[in-house]
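Same order as they appear, the protein sequences are chains A and B.
When we follow the numbering used here, the leftmost residue of the first sequence carries the number 566, and every step to the right adds one.
When we follow the numbering used here, the leftmost residue of the second sequence carries the number 2, and every step to the right adds one.
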Amino acid sequence: MRRWSPAPGLLLAAACTAGSPPTAAPAPVAGRDATPGLSAERPQYPSTYRRRPYSAVLIRNATIMTAAGPEIAGGSILLRDGKIVAVGTGLSEPADAVVVDGTGKFVTPGVIDTHSHLGVYSAPGTFAESDGNEATNPVTAQVWAEHSFWPQDPQIPLAIAGGVTVIQALPGSANLIGGRSAILRLIPARSVQEMKFPGAPYGLKMACGENPKRVYQSRGPSTRMGNMAGYRGAFIEAERYRARWDKWLKDRKGDPPDRDLRLETLAGVLRGDILVQIHCYRADEMLQMIDLGREFGFRIRSFHHAVEAYKIADVLAREGIAASVWADWCCFKMEAFDGVPENAALLQQAGARTVIHSDDAVGIQRLNQEAAKALYAGQQAGLPVTREQAIRWITVNPAWVLGIDRETGSLEPGKSADVVVWSGDPFSIYSKAEQVYNDGWLVFDRNDPKHQPRTDFNIGIADPGVGN
Amino acid sequence: MARDRGGAEGWAGVRVVPAIVVAALLAPMPRTGPTVLAAQTIAITGGTVFPVSGPKIENGTVLIRDGRVLAVGRSVTIPEGSTRVDATGKWVTPGLFHASTQLGLTQVGSVDATNEGNRSGTINAAFNVAEGINPAVVNIPIARMGGVTTALTGPSGGLIAGQAVIIDLYGERIESLVRKSPAAMVIDLSESSKGAGGGSRAGVLQLLRQTFADAQEYQRRKPDFRKNQMQPLAASAADLEALGAVLRGEIPVYAIANRRSDIESALRLAREYRLKLIITGGIEAWEIADELAKAGVPVVINPILDIPTFDGPASRFDSPALLRKAGVQVILVEAESGGPRNLRWAAGHAVEYGMSWDDALRAVTLAPAEALGVAEQYGSLDAGKVANVVVWSGDPLDFSSRAEKIYIRGVDIPLVSRQTELLDRYRKLPPSY
Chain A
566 MRRWSPAPGL
576 LLAAACTAGS
586 PPTAAPAPVA
596 GRDATPGLSA
606 ERPQYPSTYR
616 RRPYSAVLIR
626 NATIMTAAGP
636 EIAGGSILLR
646 DGKIVAVGTG
656 LSEPADAVVV
666 DGTGKFVTPG
676 VIDTHSHLGV
686 YSAPGTFAES
696 DGNEATNPVT
706 AQVWAEHSFW
716 PQDPQIPLAI
726 AGGVTVIQAL
736 PGSANLIGGR
746 SAILRLIPAR
756 SVQEMKFPGA
766 PYGLKMACGE
776 NPKRVYQSRG
786 PSTRMGNMAG
796 YRGAFIEAER
806 YRARWDKWLK
816 DRKGDPPDRD
826 LRLETLAGVL
836 RGDILVQIHC
846 YRADEMLQMI
856 DLGREFGFRI
866 RSFHHAVEAY
876 KIADVLAREG
886 IAASVWADWC
896 CFKMEAFDGV
906 PENAALLQQA
916 GARTVIHSDD
926 AVGIQRLNQE
936 AAKALYAGQQ
946 AGLPVTREQA
956 IRWITVNPAW
966 VLGIDRETGS
976 LEPGKSADVV
986 VWSGDPFSIY
996 SKAEQVYNDG
1006 WLVFDRNDPK
1016 HQPRTDFNIG
1026 IADPGVGN
Chain B
2 MARDRGGAEG
12 WAGVRVVPAI
22 VVAALLAPMP
32 RTGPTVLAAQ
42 TIAITGGTVF
52 PVSGPKIENG
62 TVLIRDGRVL
72 AVGRSVTIPE
82 GSTRVDATGK
92 WVTPGLFHAS
102 TQLGLTQVGS
112 VDATNEGNRS
122 GTINAAFNVA
132 EGINPAVVNI
142 PIARMGGVTT
152 ALTGPSGGLI
162 AGQAVIIDLY
172 GERIESLVRK
182 SPAAMVIDLS
192 ESSKGAGGGS
202 RAGVLQLLRQ
212 TFADAQEYQR
222 RKPDFRKNQM
232 QPLAASAADL
242 EALGAVLRGE
252 IPVYAIANRR
262 SDIESALRLA
272 REYRLKLIIT
282 GGIEAWEIAD
292 ELAKAGVPVV
302 INPILDIPTF
312 DGPASRFDSP
322 ALLRKAGVQV
332 ILVEAESGGP
342 RNLRWAAGHA
352 VEYGMSWDDA
362 LRAVTLAPAE
372 ALGVAEQYGS
382 LDAGKVANVV
392 VWSGDPLDFS
402 SRAEKIYIRG
412 VDIPLVSRQT
422 ELLDRYRKLP
432 PSY
């Protein structure tokens, strides 16, 4: 079912690692030794992520919310070599494992945010770090969020302290087609490549409604029908481009077609390699976008913001499209005017894949609490939502939206050891993330300053509130 | 502005007070709403009552009559014929007081047609937002659902943004919402007002000093002003007149300041002109908590705002706790896109990071009432105070609770908003239009 290519270019070419020296040194800089030939067939800014070694960890006697089944009271979880080894009750304590007493604490999968602008709209928020919208053309499928991403964004450690282990960093919503997203492990790093989740597909950011028509008012599109014409025109070009390349790749006769980064990304969408992520508030517009996908033969992975998703929850469930929503944002613009706090619960009731996302550097620090708001709003309205469902809204469901749910998102043996230990019930306002394990590495510990990452910007300027 | 110079009352030395202020302050409890019966007495019984002014009362009674709290306690005699509300297992608190909103002044943030809280210009001291309030905005019932019953609603923009007013979140007319006007003068000392100072904070302070000095001069020499025997002044007569209330200490300055040096500038100004000061924003206030406590300056703070900017990079989640520990009057506010109804969770977040639960509740009830000079009427459950009361299903500062009963001036407010109506419409799909 995984149809995307590990390299983001045209081909299923594996990242070039041939000839790398047999040492523990970081992976060689890809491209330097790349085979001669077409740029499109070489590795494209591949992940250089390497798991940080850490001892085996047994967290014992905690309430474990697995996101794959019922809560386990008095449960234990064993992490080793970056993987979850076992989850359950009555696990024996391996001699080599660090034992964490989880009495009174809760354990969940690492929190995953489908919608973040960390690193592309970095703090301190000056023009110098405003790298999220290439607002120079309504269709900029050629830009990649990772090429804006600043690993020293001081918002990153704050999000880590909120239990977040993986984000989708997206371009902004000024454009109809804003560019490629990046799926990133949230860890301190010198480059974005070190954070890239190995094997994760790219996402394509698209946007409906008010933002593009406002930004491009004078040159167009300035209407919603103009927005639709803009998407259609771009995908018509992409169809032709894909056909030209597919033909050449098959027979390799004559010169290859010209490479066009913009159309290369859109062709990736048409091939199913790139997952479509659409900023879309209004119910009627989401239905238009579903029709757009039918016209060009691509599937939409998730609508984002989706303030009116509750009005079409049945359709989203039927179509298998996730809805990434806020808990309770409302009323700040016309397309957000019909927001209700029961949005997530109504989606869940209809069987749609429900996600709580942030789109916000403050909100990302408290996605567990946002899920709690949405859970209780639903329960108070008499909707049949459960804690087991609500924990999925911020873990395994977003993992699915990013195409990494086989690797992470739930606490099951064999999955990546992305784990949060909370001081108490993560759905209480009084609870905090105490420990965050990212791929088995203790990236954050509220009680140990040695495990409280700071960015360069923090030094001498902004000591983070993290840990205090 | 030239237009302002025609204000006859201002020239005559009479403090410019909009007519509605007088109406609001002198009016008896409002008679709007069919649910108000002249002699109706409401007895909320059996709940755990948090009066805020004193310790919690298990199995307490709150007695309400004629829009006022009549009695609070464990052994309150309930008059015959009272409407009894069983609050067994519930938590009873004063209505929450949100000290940083634009409720009534905006409905859809991005739609100018619905926005009345921002007057263009640099010195807008005479700009009182009261008559911009639209009591019919959908945000007011939504905010009420979170137990918010009273709010400071105020202007934004410019260096002196204008006058904020206190409203109850109930009433069909401006006169019935507004409870105190003016309640505070909003002045922006943060990064966002630098333009008013020619691009420098030093310029901002120079302009403010000139304005305050001219306001003092104007107050002293109104006859000369009328005879055109004064040098040109830094602001219009109406603005200088309005600043009189600030210079006399009748209303506080609500100074937006986040960076420590800006907070210190506000303190300096307050000393020079004997201003009653409230710091709002206050991201780095924790660094000078002792000084603020000593000066008796309250701090209005959003406890989860921690993104470092050059306007106040040293944020920390436990700053409400640190300020309180030093003896500062802390007022908690939210600024989430979820809206003012989430105020109670600002208090919850402060508890999450070390503030005591009692202090956090105080910070969204009695503390703002005291700082804004309306504690005789608002902020706690005490006999004689306005009967703004909320009955909660559980701990109001945590997510699992909800407001089950809301009284504003003794009126039982229906728990209905545009959002609940949308929910009902789409609860089952497809909807039946």
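Built from N, CA and C at the ideal position, the CB exists for glycine as well.
This structure is a prediction, so every number in the text was calculated from the model and none was measured.
Query - Where N626(A) falls: helix, strand or coil (DSSP) - result: strand
Query raised in the report: Quick one: which chain B residues come within Cβ less than 8 Å of Y995(A)?
Result: The answer, in chain order, is G349, V352, E353 and D399.
Report task. Starting from the C-beta of P963(A), find all residues in its chain whose C-beta is less than 6 Å away, skip the five residues before and the five after it, and write them out in chain order. Result -> I677, T679 and V920
Query raised in the report: DSSP state of G817(A), grouped into three classes?
Result: The amino acid at residue 817(A) is misidentified as Gly; the sequence shows Arg. In this structure, R817(A) counts as coil in the three-state DSSP scheme.
Query raised in the report: Taking just the CA atoms, how far does N140(B) sit from G419(B)?
Result: The question names Gly, but residue 419(B) in the sequence shown is Arg. Going from the Cα of R419(B) to the Cα of N140(B) covers about 9 Å.
Query raised in the report: Do Y274(B) and the ligand MG come close, with the Cβ less than 8 Å from some heavy atom?
Result: As for the ligand MG, it is missing from this structure, which has no ligand bound.
**Report entry** CA-to-CA distance, S687(A) to V966(A), given in whole angstroms
**Finding:** Between the C-alpha atoms of V966(A) and S687(A) there is a straight-line separation of about 24 Å.
**Report entry** Three-pair Cβ contact test at 8 Å for the region 57–68 of chain B versus the region 113–124 of chain B
**Finding:** no
Report task. State the DSSP-derived secondary structure class of L683(A), mapped to helix, strand or coil. Result -> L683(A) falls in the coil class under three-state DSSP.
Query raised in the report: CB Q758(A) to CB R403(B), shorter than 9 Å?
Result: no
Requested in this report: Would you kindly check if the distance between the Cβ of L835(A) and the Cβ of F863(A) is under 9 Å?
Outcome: yes
**Report entry** Members of the region 403–430 of chain B that neighbour chain A once the beta carbon cut-off is set at 7 Å
**Finding:** R403, Q420, L423, L424, Y427 and L430
Query - chain A contact residues for T281(B), given Cβ-Cβ distances below 8 Å - result: What T281(B) touches in chain A, judged by beta-carbon distance under 8 Å, is nothing: the nearest beta carbon there is about 18 Å away.
Query raised in the report: Is the shortest distance between the beta-carbon of N435(B) and the beta-carbons of chain A less than 9 Å?
Result: For chain B, the structure presents residues 2 to 434; residue 435(B) sits outside this window and is missing.
Query raised in the report: What is the DSSP secondary structure of T36(B), reduced to helix, strand or coil?
Result: Because the pLDDT of T36(B) is 48, which lies under 50, any placement of that residue in the model is unreliable, and the question is left without a value.
Query raised in the report: How about D189(B) and I257(B): do their beta carbons lie closer than 9 Å?
Result: Their beta carbons are under 9 Å apart, which means D189(B) touches I257(B) by this criterion.
Query raised in the report: Do you know whose CA, among D1013(A), F762(A) and Q913(A), lies nearest Y614(A)'s CA?
Result: F762(A)
Query raised in the report: I think L208(B) touches G198(B), with their Cβ atoms under 8 Å apart; what is that distance to the nearest whole Å?
Result: 6 Å
Query - Start-to-end residues for the beta strand (DSSP E) that takes in L769(A) - result: G768 to A772
Query raised in the report: Can you round the beta-carbon distance between V138(B) and G163(B) to whole angstroms, since I take them to be within the 8 Å contact cut?
Result: Contact flag wrong, Cβ pair sits at about 19 Å.
Query raised in the report: Can you tell me whether DSSP reads W393(B) as helix, strand or coil?
Result: strand
Requested in this report: Mind reading off the beta-carbon distance from A982(A) to D1004(A)? Whole number of angstroms is fine, and I expect it under 8 Å.
Outcome: 6 Å
Query raised in the report: Is the shortest distance between the beta-carbon of W715(A) and the beta-carbons of chain B less than 9 Å?
Result: No, W715(A) lies away from the interface with chain B (no Cβ there is under 9 Å from its Cβ).
Query raised in the report: Between Q41(B), A72(B), N125(B) and T94(B), which lies nearest to T84(B) when the distance is taken from Cα to Cα?
Result: Relative to the Cα of T84(B), the nearest Cα in the group Q41(B), A72(B), N125(B) and T94(B) belongs to Q41(B).
Requested in this report: Compare the Cα-Cα distances from N135(B) to each of T123(B), V109(B), G122(B) and L160(B) and report the closest residue.
Outcome: Per the Cα distances, V109(B).
Query raised in the report: Is the region 297–313 of chain B touching the region 347–354 of chain B in the sense that three or more CB pairs, one from each, lie closer than 8 Å?
Result: yes
Requested in this report: Check the Cβ of M854(A) against every Cβ in chain E and list those closer than 9 Å, keeping chain order.
Outcome: The chain inventory of the structure shown lacks chain E, comprising the protein chains A and B.
Requested in this report: Can you give me the Cβ contacts of L852(A) inside the same chain, cut-off strictly under 8 Å, excluding the 5 residues immediately before and after it?
Outcome: I877 and V880
**Report entry** Neighbour list for K898(A) in chain B, Cβ cutoff strictly below 8 Å
**Finding:** Here the neighbours are V109, G110, S111 and V112.
Query raised in the report: Checking contacts by CB at 9 Å: is N140(B) closer than that to chain A?
Result: N140(B) has a beta carbon lying within less than 9 Å of a beta carbon in chain A.
Query - alpha helix (DSSP H) runs wholly inside the region 901–987 of chain A, at least 4 long, in chain order - result: 908–915, 932–945, 952–957 and 961–966
Query raised in the report: At a Cβ cut of 8 Å, what residues of the region 305–317 of chain B count as close to chain A, listed as they run along the chain?
Result: Listed in sequence order: I305, L306, D307, I308, P309, T310, F311, P314, A315, S316 and R317.
Query raised in the report: Candidates G774(A), R807(A) and P822(A): which alpha carbon is nearest S604(A)'s?
Result: P822(A)
Query raised in the report: Going by beta carbon distance, what residues of the same chain come within less than 6 Å of R807(A), once the five residues before and after it are set aside?
Result: A832 and L835
**Report entry** According to DSSP, residues forming a beta bridge with H870(A)
**Finding:** DSSP, once it has assigned bridges, lists C845(A) and V890(A) as partnering H870(A).
Query - Extent of the continuous alpha helix (DSSP H) to which Q217(B) belongs - result: R202 to R221
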